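Structure record follows, encoded as structure tokens.
Residue numbers (the numbering used here): 139 to 320.
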């Protein structure tokens with residue numbers, strides 16, 4: 139009984155924290171600490187923070203060594219990557235690999251996180267970044283607040299970037315975000 143109470147208390151604290159963060163992002167009350175950083179630094183820190191959720195999922199990192207630095211708030215972009223990595227782990231079969239890639243095109247650095255989950259239909263792809271959206275596929279019963287991707291979107295957009303998803307049912311999803319290159 140105490141375990142259930144503790145877990146529900148943690149879940150409620152997470153929900154309140156994410157709702158407060160989303161309110162600050164919506165009101166443009168978050169001051170970004172913009173400095174040039176290699177995206178690899180944010181990725182490695184996010185992987186370390188997500189280690190428990192990633193569990194036995196191997197993470198295949200394909201970031202070219204010559205990627206230019208990006209002006210970013212390192213802590214916030216790490217947070218975006220944590221949300222993407224943890225979603226990939228939650229929705230993928232156990233031990234399925236997660237792929238992280240990066241490339242520069244048209245002065246934008248695009249970082250992608252690909253999973254082997256069930257995929258997302260076209261209709262839901264337009265909704266996954268909405269606040270509190272949890273998806274129609276209830277048989278997966280994945281825990282979460284429905285705020286992670288909305289927070290990720292707000293952070294990326296505050297950096298002058300964009301975020302999106304490509305997916306095909308039965309073949310997994312690729313979540314990506316692009317940031318201007320310095």
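Cβ coordinates follow ideal geometry from the N, Cα and C atoms, glycine included. These numbers were taken from a predicted model, which means no experiment stands behind them.
Secondary structure of residue 168 (DSSP, three-state): coil. For residue 315, the enclosing beta strand (DSSP E) stretches over residues 311-318. A direct Cα-Cα distance of roughly 26 Å separates residue 220 from residue 244. Taking a C-beta distance under 8 Å as the contact criterion, residue 227 and residue 192 qualify as a contact pair. If you draw a straight line from the Cα of residue 203 to the Cα of residue 178, it is about 9 Å long.
The three-state secondary structure of residue 243, taken from DSSP, is strand. Per DSSP, reduced to three states, the secondary structure at residue 141 is helical.
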